[in-house]
Amino acid sequence: MPTRDTQDARRTERLRSRRAQRARETVIVGSLLACGVFTIGVTASIIVLLARESSTFFAREEVGFWSFVTGTEWTPLLGATQEYGVLPLVCGTLLVTGIAALTAIPLGLVSAIYLSEYAHPRVRAMVKPALEVLAGIPTVVYGYFALVVITPAINWVWSGKDGGLGIGPMLGFEEGFGTYNALSAGLAVGIMCIPTVSSLSEDALQAVPRSLRHGAYASGATRFDVSLRVVVPAALSGIMAAFLLAIARAIGETMIVTLAAGQSAVMTLDPRDSIQTLTAYIVQISTGDVPAGGLEYQSIYAVAATLFVMTFAVTLVGARIRNRFREAYA
Amino acid sequence: MRRRIVLAVAAAVLASPLTVADSGLTGSVRIDGSSTVYPITEAVAEEFFYEGYRDVKVTVGFSGTGGGFKKFAAGEIEIADASRPIKATEMASLESAGIAFIELPIAYDGLCVVVNPANTWADSLTVDEIKRIFLDGSTVETWSDVRPNWPDVPIELYAPGTDSGTFDYFKEVIARDSGAIRGDMSVSEDDNILVRGVAGNRNAIGFFGIAYYLENRDKLRSVPIDGGAGPIKPTHETVEDGSYAPFSRPLFIYVNAASAQEPQVAAFVDFYLENAQELANDVGYVGLPNHIGMKVRRVWERRETGTRFLTDSGEKVHKPLRELY
Amino acid sequence: MSRPVPLATRPIGRRRLADRAFKWACALVTFLSVGALLVLLGAVVSQGLEHLDWDFLSTGPSRRPERAGFHIAIVGSLWLMILTALFALPLGVGTAVYLEEFAPKNRITRFIQLNIANLAGVPSIVYGMVALTAFGRFWGLLSTKNPIELGDEESFFYLRLPFGNAVLTGALALTLVVLPVVVIASQEALRAVPPTLRQSSRALGATRWQTVASVTLPAALPGIMTGAILAMSRAIGEAAPLLAVGASLFMLFTPDNLMSQYTGMPLQIFNWAGRPQAEFHDVAASGIIVLLGVLLTFNAIAVFIRAKFQKPLQ
Numbered sequence: 012m013p014t015r016d017t018q019d020a021r022r023t024e025r026l027r028s029r030r031a032q033r034a035r036e037t038v039i040v041g042s043l044l045a046c047g048v049f050t051i052g053v054t055a056s057i058i059v060l061l062a063r064e065s066s067t068f069f070a071r072e073e074v075g076f077w078s079f080v081t082g083t084e085w086t087p088l089l090g091a092t093q094e095y096g097v098l099p100l101v102c103g104t105l106l107v108t109g110i111a112a113l114t115a116i117p118l119g120l121v122s123a124i125y126l127s128e129y130a131h132p133r134v135r136a137m138v139k140p141a142l143e144v145l146a147g148i149p150t151v152v153y154g155y156f157a158l159v160v161i162t163p164a165i166n167w168v169w170s171g172k173d174g175g176l177g178i179g180p181m182l183g184f185e186e187g188f189g190t191y192n193a194l195s196a197g198l199a200v201g202i203m204c205i206p207t208v209s210s211l212s213e214d215a216l217q218a219v220p221r222s223l224r225h226g227a228y229a230s231g232a233t234r235f236d237v238s239l240r241v242v243v244p245a246a247l248s249g250i251m252a253a254f255l256l257a258i259a260r261a262i263g264e265t266m267i268v269t270l271a272a273g274q275s276a277v278m279t280l281d282p283r284d285s286i287q288t289l290t291a292y293i294v295q296i297s298t299g300d301v302p303a304g305g306l307e308y309q310s311i312y313a314v315a316a317t318l319f320v321m322t323f324a325v326t327l328v329g330a331r332i333r334n335r336f337r338e339a340y341a
Numbered sequence: 017m018r019r020r021i022v023l024a025v026a027a028a029v030l031a032s033p034l035t036v037a038d039s040g041l042t043g044s045v046r047i048d049g050s051s052t053v054y055p056i057t058e059a060v061a062e063e064f065f066y067e068g069y070r071d072v073k074v075t076v077g078f079s080g081t082g083g084g085f086k087k088f089a090a091g092e093i094e095i096a097d098a099s100r101p102i103k104a105t106e107m108a109s110l111e112s113a114g115i116a117f118i119e120l121p122i123a124y125d126g127l128c129v130v131v132n133p134a135n136t137w138a139d140s141l142t143v144d145e146i147k148r149i150f151l152d153g154s155t156v157e158t159w160s161d162v163r164p165n166w167p168d169v170p171i172e173l174y175a176p177g178t179d180s181g182t183f184d185y186f187k188e189v190i191a192r193d194s195g196a197i198r199g200d201m202s203v204s205e206d207d208n209i210l211v212r213g214v215a216g217n218r219n220a221i222g223f224f225g226i227a228y229y230l231e232n233r234d235k236l237r238s239v240p241i242d243g244g245a246g247p248i249k250p251t252h253e254t255v256e257d258g259s260y261a262p263f264s265r266p267l268f269i270y271v272n273a274a275s276a277q278e279p280q281v282a283a284f285v286d287f288y289l290e291n292a293q294e295l296a297n298d299v300g301y302v303g304l305p306n307h308i309g310m311k312v313r314r315v316w317e318r319r320e321t322g323t324r325f326l327t328d329s330g331e332k333v334h335k336p337l338r339e340l341y
Numbered sequence: 020m021s022r023p024v025p026l027a028t029r030p031i032g033r034r035r036l037a038d039r040a041f042k043w044a045c046a047l048v049t050f051l052s053v054g055a056l057l058v059l060l061g062a063v064v065s066q067g068l069e070h071l072d073w074d075f076l077s078t079g080p081s082r083r084p085e086r087a088g089f090h091i092a093i094v095g096s097l098w099l100m101i102l103t104a105l106f107a108l109p110l111g112v113g114t115a116v117y118l119e120e121f122a123p124k125n126r127i128t129r130f131i132q133l134n135i136a137n138l139a140g141v142p143s144i145v146y147g148m149v150a151l152t153a154f155g156r157f158w159g160l161l162s163t164k165n166p167i168e169l170g171d172e173e174s175f176f177y178l179r180l181p182f183g184n185a186v187l188t189g190a191l192a193l194t195l196v197v198l199p200v201v202v203i204a205s206q207e208a209l210r211a212v213p214p215t216l217r218q219s220s221r222a223l224g225a226t227r228w229q230t231v232a233s234v235t236l237p238a239a240l241p242g243i244m245t246g247a248i249l250a251m252s253r254a255i256g257e258a259a260p261l262l263a264v265g266a267s268l269f270m271l272f273t274p275d276n277l278m279s280q281y282t283g284m285p286l287q288i289f290n291w292a293g294r295p296q297a298e299f300h301d302v303a304a305s306g307i308i309v310l311l312g313v314l315l316t317f318n319a320i321a322v323f324i325r326a327k328f329q330k331p332l333q
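Protein chains in written order, with the working numbering: chain G, 12 to 341; chain S, 17 to 341; chain V, 20 to 333.
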């Protein structure tokens, strides 16, 4: 028969253990919060590091912020005078990104429309996971494709090498594609982005409520009409977000361009030329001259800052578009 | 029981690759520097491993001669590969870091000027023409700018970057101490990239060590250089006897004198010097002739520090290897 | 949007034709895209199969393509993956749990959320640069010339501060890269747990943490594990941050402690692919087959977990 004493004892024990438990829980929750704070620390580190090193770089007398941002010569590794105008690298990055976007966006969007609006559920069940797997292929593999498969193929079609078509000379272009060229790398980056564009666009299309489609069908529209004139406009914000994500990935892509695009920082829009992107330059210096201190070494921070600003801007615009144009469906 | 098996398998996988009886020497030998010398050092490291020194951790990088010397001065590596002798500024930074070094030539290299095999017109180049093409301020944009009877197609240039000893050496020969090399070229410390660039572009011209040319002879064509005595092709013989002028040069390794006392570093350098001639030839460079090789080995045995290519006041000594050794 | 749906103005037959043509065009494009990728993969596999044998998996790299092997790279990748998992998973899942279960819905929380979304878009090479400065050089506070050494260089428990070009630095760089992925995937898994489960647990008197630990986390576990596996696949395939952080491209030994130098599968492939000799391309293709094989296995495990353990939570 529980006496008063044992009841008291048990109650104190319960209170004490509950207090201990609360203390333990506070510690646990505190450590979880610390994890969250760590992610802020990461962003802070990136910004602090890039800002600090870049400002040291700009403070050097050979370089100036304005000449960096507007200069069209990038020759840190050569020449009597080292020039640090970043535009050639930016131009190279944009050229590759442009080609990639022209490849990935149409192909990805059309695939998404097919999978979302037309495909048989069993086809969807097969193709979607296939795309997911393909999205996971490491970029170094795409770099290998670009160098070993795409460039020879381009040469086969354009210059007629190994008994190919030789479209280039037929059209009057004598100059062919070298081993390193922007088109190869751009195509590889684009192919890499197709699964991403496709699955994100498809998610956006799927998110459009059925009622809109049904309404359109009820008015006598065909699937073609419905897809292009109802669903796609309705999903536009999500689709644009998908495009911008792909563009951000293309801007930040490193391995493909390092292997296939080349090492010459020149301002050109000719896809046959060998160019150098912002990311490839960072790799070139990182694998060459890592001991800290030199001017060339500090330049990679300014280049990385440029890269960060570009991808951040694209990501921000993507988020803004997604929020602004998101249709509110009840 | 199953857990123990799993752990054992995991341990076996994480441990070193399948080994056989080995020397018992442990420790690390860190090497970095010239990408020209890299193929020789890589070959030595590989043969060293299979010789039985499987527990010595050898790593070889190819940051470029300049980058290698910087790491050498920072104490990050024991051996620096170099495709040119040490500079006065580098020697000064080593001195202030308190690092004594042993300079060991290990092979000859011929700096090849190469073009694409589809280039049928450039059958030779004079040193002057090379200067006109490559010097800073050059107005040469097409092959016809070099010689009027050559085709009027744009000339594509591929060159090693400033961290490369090959670049320094080329600049020294072409520009001497006065000039500089032009800036609008495809530049890389990685000679493989240069090879691919020239091999893939019919209007290209590039330069790098003879080993990279010989290794890729099916994709490239070397241009005979006319140094005043008629066009000479770069071959083993012309590089060794010096007739391939002015582009024959020695290749070096620089060993940290303090690290040389460590048994694994000493064993590695011993092995290197013993096999340098054979492996250099194997890789495509020109092994040092026996008499020079023996003198170099004596320098190593005595652990003589310092360089023979700079005077006490820091001036460069422009003498060929066979006179200095 | 209240734009009226355009009514049919052309004859129905023509419109049905356009519809069918469009459908076939779309299907063609889709299968071409997937087909192009499969063709590229097929090219790689056919090139690399010949060189792929037990020797390839058990020897290290070589200057001769016939002798070149993938063993060192495989072991290096294994080290990297295990270390990355040790750091990224607790940090990532912890952050996700905090954000979903404990964080008050205020500005700070939204800021953290937005921050993570932005981190997901940062190019991976930037993470390499940050890891080099933060972990490889300790922000310059400690010198690499005279590092603080704890323990014997040969033993398993050797530690050297700052880390320099150690396998630990590489793993930390990869941790930074995959952390946003783990957080986002874990958050989605936690969100998928129906609120009724949490509510019933709280109704029985459990505290928030007890609910999370005994009810929510176990329910979300399959989703979290899938996310973790996909994050690890991403980590294995990354080469750019490792290049920035000082990984080696030629070595004949495997790491034996946290401070060892290292290499990885994508790095070795990068090295081989970059060589001009065609034989090395075949070796690179063999390496790609191994890498893709590993990734495919990971994907299969993730799919299996999703299929088997994702019970409908009603």
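C-beta atoms are modelled at their ideal positions from N, C-alpha and C, and glycine is treated no differently.
Cα-Cα separation, glutamine 9 of chain V to valine 107 of chain G: For chain V, the structure presents residues 20 to 333; residue 9 of chain V sits outside this window and is missing.
For aspartate 97 of chain S, three-class secondary structure by DSSP: The sequence position of residue 97 of chain S within the second sequence is 81, counting from 1. In this structure, aspartate 97 of chain S counts as strand in the three-state DSSP scheme.
For glycine 49 of chain S, the three-state DSSP class (helix, strand or coil): Walking along the second sequence from the start, residue 49 of chain S turns up at place 33. Here glycine 49 of chain S carries a strand assignment [DSSP, helix/strand/coil].
Leucine 41 of chain S in three-state terms, based on DSSP: Here residue 41 of chain S corresponds to residue number 25 of the second sequence, with the count starting at 1. Three-state result, leucine 41 of chain S: coil.
For leucine 314 of chain V, the nearest candidate out of V/Ile91, V/Gly293, V/Ser96 (CA to CA): Stepping through the third sequence from its first residue, residue 314 of chain V is reached at position 295. Ranking V/Ile91, V/Gly293, V/Ser96 by Cα distance to leucine 314 of chain V puts V/Ser96 first.
Separation of isoleucine 248 of chain V from asparagine 318 of chain V, as counted between CA atoms: On the third sequence, residue 318 of chain V is found 299 positions in, with the first residue counted as 1. On the third sequence, residue 248 of chain V is found 229 positions in, with the first residue counted as 1. Those two C-alpha atoms are separated by around 8 Å.
Per-residue DSSP class, three states only, for aspartate 173 of chain G: The residue given as residue 173 of chain G occupies position 162 in the first sequence. Coil at aspartate 173 of chain G, not helix or strand.
Integer Cβ distance of alanine 193 of chain G from isoleucine 110 of chain G, believed to fall under 8 Å: Reading the first sequence from its first residue, position 182 is the one you call residue 193 of chain G. Reading the first sequence from its first residue, position 99 is the one you call residue 110 of chain G. Confirmed, Cβ separation roughly 7 Å.
Minimum Cβ-Cβ distance from threonine 190 of chain G to chain S less than 8 Å: Locating residue 190 of chain G in the first sequence gives position 179, counting from the first residue. Against chain S, the CB of threonine 190 of chain G has a partner CB under 8 Å away; the residue lies at that interface.
Closer than 8 Å to chain S by CB, arginine 179 of chain V: If you number the third sequence from 1, residue 179 of chain V lands on position 160. It does not: the Cβ of arginine 179 of chain V has no partner Cβ on chain S nearer than 8 Å.
Near-chain V residues of the region 86-108 of chain S (beta-carbon distance less than 8 Å), N- to C-terminal order: For the region 86-108 of chain S, which is checked against every Cβ of chain V, the residues closer than 8 Å are Ala90, Gly91, Glu92.
Glycine 222 of chain S (DSSP reduced to helix, strand or coil): Mapped onto the second sequence, residue 222 of chain S falls at position 206. If DSSP states are grouped into helix, strand and coil, glycine 222 of chain S belongs with the strands.
Start-to-end residues for the alpha helix (DSSP H) that takes in valine 48 of chain G: If you number the first sequence from 1, residue 48 of chain G lands on position 37. Run containing valine 48 of chain G: 15-70, per the alpha helix (DSSP H) assignment.
Alpha-carbon to alpha-carbon, glycine 246 of chain S and leucine 289 of chain S: As a working note, residue 289 of chain S is residue 273 in the second sequence. As a working note, residue 246 of chain S is residue 230 in the second sequence. Cα atoms of leucine 289 of chain S and glycine 246 of chain S: separation of roughly 35 Å, rounded to the nearest angstrom.
Per-residue burial, serine 204 of chain S [other beta carbons within 10 Å of its own, 16 or more giving buried]: Counting from one through the second sequence, the residue named residue 204 of chain S turns up at place 188. Serine 204 of chain S comes out buried.
Counted within 10 angstroms of its Cβ, other Cβ atoms place asparagine 306 of chain S as buried (16 or more) or exposed: Counting from one through the second sequence, the residue named residue 306 of chain S turns up at place 290. Around the beta carbon of asparagine 306 of chain S, a 10 Å sphere encloses fewer than 16 other beta carbons of the protein chains shown; the residue is thus reported as exposed.
Contacts around arginine 335 of chain G, its chain only, beta-carbon distance under 8 Å, and the 5 residues preceding and following it disregarded: Walking along the first sequence from the start, residue 335 of chain G turns up at place 324. Cβ within range, chain order: Ser248.
4 or more residues per run - each alpha helix (DSSP H) lying fully within the region 270-318 of chain S: The DSSP assignment places complete alpha helix (DSSP H) segments of no fewer than 4 residues inside the region 270-318 of chain S at 279-299, 306-317, in order along the chain.
Any alpha helix (DSSP H) of 4 or more consecutive residues that is wholly inside the region 160-195 of chain S: Within the region 160-195 of chain S, the complete alpha helix (DSSP H) segments of 4 residues or longer fall at 181-191, listed in chain order.
Residue interval of the beta strand (DSSP E) (run including tyrosine 124 of chain S): Taking the second sequence and counting its residues from 1, the one referred to as residue 124 of chain S is at position 108. Segment 117-131, the beta strand (DSSP E) holding tyrosine 124 of chain S.
Cutoff 8 Å: glutamate 62 of chain S Cβ touching any chain V Cβ: Locating residue 62 of chain S in the second sequence gives position 46, where the first residue counts as 1. By this cut-off, glutamate 62 of chain S is an interface position.
Residues of the region 140-172 of chain G with Cβ closer than 9 Å to any Cβ of chain V, in chain order: Listed by position along the chain: Pro140, Ala141, Leu142, Glu143, Val144, Leu145, Gly147, Ile148, Pro149, Thr150, Val151, Val152, Tyr153, Gly154, Tyr155, Phe156, Leu158, Val159, Val160, Ile161.
Supposed contact pair valine 74 of chain S and isoleucine 47 of chain S - C-beta distance, whole angstroms, cut 8 Å: For this step, residue 47 of chain S is matched to residue 31 along the second sequence. For this step, residue 74 of chain S is matched to residue 58 along the second sequence. So it is a contact: roughly 7 Å between Cβ atoms.
Sub-8 Å separation of valine 141 of chain V and isoleucine 262 of chain G beta-carbons: Counted from its first residue, the third sequence places residue 141 of chain V at position 122. Counted from its first residue, the first sequence places residue 262 of chain G at position 251. In terms of Cβ geometry, valine 141 of chain V and isoleucine 262 of chain G do not form a close pair [threshold 8 Å].
Burial state of isoleucine 241 of chain S (16 or more Cβ within 10 Å): For this step, residue 241 of chain S is matched to residue 225 along the second sequence. Buried is the call here.
Entirely enclosed alpha helix (DSSP H) segments - the region 100-143 of chain G, minimum 4 residues: DSSP runs (the alpha helix (DSSP H)) wholly in the region 100-143 of chain G: none.
Contact list for methionine 181 of chain G against chain V, beta-carbon separation under 9 Å: Translated into positions along the first sequence, residue 181 of chain G becomes position 170. Chain V residues near methionine 181 of chain G: none, gap ~25 Å exceeds 9 Å.
Beta carbon of valine 200 of chain V nearer than 8 Å to that of arginine 253 of chain V: Locating residue 200 of chain V in the third sequence gives position 181, where the first residue counts as 1. Locating residue 253 of chain V in the third sequence gives position 234, where the first residue counts as 1. Yes, Cβ-Cβ distance for valine 200 of chain V and arginine 253 of chain V is below 8 Å.
Range of the contiguous beta strand (DSSP E) that encloses isoleucine 167 of chain V: The residue labelled residue 167 of chain V in the question sits at position 148 within the third sequence. Boundaries of the beta strand (DSSP E) around isoleucine 167 of chain V: 167-169.
Cutoff 8 Å: asparagine 217 of chain S Cβ touching any chain G Cβ: Looking up residue 217 of chain S in the second sequence gives position 201. True, the Cβ-Cβ gap to chain G drops below 8 Å.
Stretch-stretch touch, CB-based, cutoff 8 Å, three pairs: the region 132-147 of chain S with the region 290-299 of chain S: Result no; under three Cβ-Cβ pairs closer than 8 Å.
Nearest-angstrom Cα separation, counted from leucine 120 of chain G out to glycine 52 of chain G: In the first sequence, the residue the question calls residue 52 of chain G occupies position 41. In the first sequence, the residue the question calls residue 120 of chain G occupies position 109. Rounded to whole angstroms, glycine 52 of chain G to leucine 120 of chain G spans 37 Å at the Cα level.
Proximal residues of chain S, C-beta to C-beta of threonine 290 of chain G below 9 Å: Translated into positions along the first sequence, residue 290 of chain G becomes position 279. Near threonine 290 of chain G there are no residues of chain S at all, since even the closest Cβ is about 15 Å away, more than 9 Å.
For valine 219 of chain G, the first and last residue of its enclosing beta strand (DSSP E): One-based indexing of the first sequence puts residue 219 of chain G at position 208. Note, valine 219 of chain G: premise wrong, no beta strand (DSSP E); not H, not E.
Rounded C-alpha distance that separates threonine 321 of chain S from alanine 273 of chain S: Taking the second sequence and counting its residues from 1, one reaches residue 321 of chain S at position 305. Taking the second sequence and counting its residues from 1, one reaches residue 273 of chain S at position 257. Straight-line spacing of the CA atoms in threonine 321 of chain S and alanine 273 of chain S works out to 7 Å.
Exposure of valine 301 of chain G, with buried meaning 16 or more beta-carbon neighbours within 10 Å: In the first sequence, counting from the first residue as 1, residue 301 of chain G sits at position 290. For valine 301 of chain G, the predicted model reports a pLDDT of 47, less than 50, meaning its position is unreliable and no value from the coordinates is stated.
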